Amino acid sequence: MNVMQKPAGGDVAPHVRPTSIVCGTFVTRDLARTRRMCEEVLNLECISPEPGMLLARERGHRPGEALHGKPYWVLEAREVADIDVPQEMLNHWGVFVDSQAAVDEAHKRVDAAKAEYGLGRVQKPRFRHGSYAFYFVDADSNWWEVEYRTPELLYTSIRERGDQA
14 MNVMQKPAGG DVAPHVRPTS IVCGTFVTRD LARTRRMCEE VLNLECISPE
64 PGMLLARERG HRPGEALHGK PYWVLEAREV ADIDVPQEML NHWGVFVDSQ
114 AAVDEAHKRV DAAKAEYGLG RVQKPRFRHG SYAFYFVDAD SNWWEVEYRT
164 PELLYTSIRE RGDQA
C-alpha cells in the first residue's frame with residue numbers, strides 16, 4: 014500500500030504504523046520513593062537504566078515466565094525538581110486484579126499503608142464505568158487505579174466487539 018491509499022475500513026492512510034503501544038510517562042520528585050511504591054504497593058517490576066529515570070512494568074515477562082513474549086506497557090518515571098502541573102484523577106495509571114474481592118483487599122492494604130508510602134487520598138472501592146475499582150494518589154499527584162473488570166469488559170473483549178455506532 015502506498016501512502017496515498019486508504020487502508021481497509023479507514024478514511025485516510027495512517028501517518029504512523031505502530032507495532033504496539035509501549036509506554037507512558039509520569040514525573041516524580043523522589044525516584045526512590047516512587048520505585049518503592051511501584052514495587053511494594055503495585056507489585057510492578059522496576060529498573061533504573063540511568064540516573065533520574067525509572068521503568069516499571071507488570072511482572073512475568075522474563076524468559077520462562079507466564080507473560081514472556083506477550084506485549085506489555087512500560088511506565089517511565091522521570092525525576093524532576095518541581096511538579097508544575099499536578100495531575101487530576103482522570104489522568105491516571107491503572108492495574109488490573111483478578112476479582113472484586115482482590116480490589117477490596119488491595120484497598121484495605123493500601124489505605125492502611127498511606128503514611129508509610131506518602132500516599133494522599135485513597136478512595137473507597139465502587140462500581141464505575143462497568144468495573145469495580147478504587148483510586149489513590151501518590152506523593153507526586155500521580156493517580157493510580159486498582160481495577161477488576163468482568164471478562165466481557167476487558168479491553169480484548171471490547172475490541173473483539175468492534176464499533177457499535
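Counting in the numbering used here, the sequence shown runs without a single skipped number right up to 178 at its last residue.
Here a beta-carbon is modelled for each residue, glycine too, at the ideal position from N, C-alpha and C.
These numbers were taken from a predicted model, which means no experiment stands behind them.
Delimiting residues of the beta strand (DSSP E) encompassing residue i
i, result
"Val38", "In the sequence under discussion, the amino acid at residue 38 is Thr, which differs from the Val named in the question. Cys36 to Thr41 is the extent of the beta strand (DSSP E) around Thr38."
"Ala90", "Val87 to Glu92"
"Val159", "Trp156 to Tyr161"
"Arg75", "Segment: none, Arg75 is in no beta strand (DSSP E) and carries neither H nor E."
"Ala146", "Ser144 to Val150"
"Arg141", "Arg139 to Arg141"
"Val108", "His105 to Phe109"
Nonlocal neighbours in the same chain, by C-beta distance under 6 Å from residue i, ignoring five residues either side
i, result
"Met14", "Summary for Met14: the model assigns pLDDT 42, below 50, so the residue's position carries little reliability, and this model does not support an answer."
"Leu44", "Leu67 and Glu92"
Candidates the options, of which the one nearest residue i by Cα
i, options, result
"Glu118", "Arg49, Cys36 and Leu55", "Leu55"
"Leu67", "Val93, Asp176 and Ser112", "Val93"
"Pro62", "Arg48, Gly82 and Glu71", "Arg48"
"Lys121", "Pro99, Val159, Gly107 and Gly82", "Val159"
"Ala128", "Ala115, Val150, Val116 and Ala114", "Val150"
For residue i, the first and last residue of its enclosing alpha helix (DSSP H)
i, result
"Glu58", "That residue, Glu58, is in no alpha helix (DSSP H); its beta strand (DSSP E) goes Leu57 to Glu63."
"Ala128", "Lys127 to Tyr130"
"Arg49", "Leu44 to Arg49"
Same chain, Cβ closer than 7 Å to residue i, neighbours up to 5 away in sequence not counted
i, result
"Arg134", "Phe149 and Val150"
"His105", "Tyr148, Trp156, Trp157 and Glu158"
Q: Examine the Cβ distances between the stretch 83-92 and the stretch 38-51 and report whether three or more of them are shorter than 8 Å.
A: yes
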